[in-house]
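K.L.:
First residue of the sequence shown: 1, per UniProt numbering; consecutive thereafter.
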Amino acid sequence: MIVKKSNPLYEQIYDNIKESIINGEFKSGERIVDGWIAENLGVSRSPVREAFRKLEQDGLIVNQDGTTYVYKPNVDDVIELFEVRAGLEGMAVFLATKSITDQQIDELSQSILLVEKAIKENRMAEVIKLNTFFHEFIVKSSGNKRLLEMMGKINNLILLYRNNFFAKFYGNDVFINDHYEVVEAMKIRNPELASEKMREHILNDLDQLIEKLSAQQDS
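(1) With DSSP run on the structure shown, which of helix, strand or coil describes Y71?
(2) When you compare the CB positions of V174 and N144, do they come within less than 9 Å of one another, or not?
(3) Which residues does DSSP list as the beta-bridge partners of I100?
(4) If we count the other Cβ atoms within 10 Å of its Cβ and call it buried at 16 or more, is E89 buried or exposed?
(5) Assuming Y14 and A51 form a contact by the criterion Cβ under 8 Å, report the distance between their Cβ atoms to the nearest whole angstrom.
(6) Can you grab the Cα-Cα spacing for the pair I61 / L55, in whole Å?
(7) If contacts are defined as beta-carbon pairs under 8 Å, then T97 and M186 qualify, I think. What distance do you get, rounded to the angstrom?
(8) Among A92, G59, L95, V183, which has the Cα closest to the Cα of V78?
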């Protein structure tokens, strides 16, 4: 981790740890110690503890009896998060379909083509990046500031799931068909259908993830 002198120190530490968690450098369930982080960065414990508080608010770390661990997802957490996503992103695409331009729809379509190419070339990091772009583009296109704020609060957990489970659990291109169906509904300016297809897509992802997580916990 590298600390610069431009932004507040705790914010830099927060960003570094967050990136390490989301990218899997800090593993789910791994103990994380403020003293070790402080020593590694050559700083005092105070800004590290402040960064820890922010990470705990994000849900990326948890404190149990004074010991801090990297958040380890369980099936109940996954269900709750994806149910919230289905509702919020379903509304986002409903609103976006009413105002999105043809050029923006073409951008979404192009991102799906790029995903197909990345899958064929086994570039999973690019697949994850493009999948994230697809969903975030639609949320931003909704134009609803409150919705954007609510999505922002769970976005780190969404990225955590994507980065840590996508490559393992989504070794096929089933989700691409879901994306095409969402975009087709947007093209014909049918917000109700677009919303239905988005909710179906997210809940389809949920079913796959639950199956894999349950098998993982049973093994």
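Every residue gets a Cβ at the ideal spot worked out from N, C-alpha and C, and that includes glycine. Here the structure is a predicted model, which is why all the values come from computation and not from measurement.
P.N.:
Taking the structure as given:
(1) Judged by DSSP in its simplified three-state form, Y71 adopts coil rather than helix or strand.
(2) Cβ distance not < 9 Å, so V174 and N144 don't count as in contact.
(3) According to DSSP, which records beta bridges pairwise, I100 is partnered with nothing at all.
(4) Label assigned to E89: buried.
(5) Contact between Y14 and A51 holds, with the beta-carbon distance rounding to 4 Å and staying under 8 Å.
(6) One C-alpha to the other measures close to 6 Å.
(7) Yes, they are in contact, since the Cβ atoms of T97 and M186 sit about 5 Å apart, within 8 Å.
(8) That would be G59, whose Cα lies nearest to the Cα of V78.
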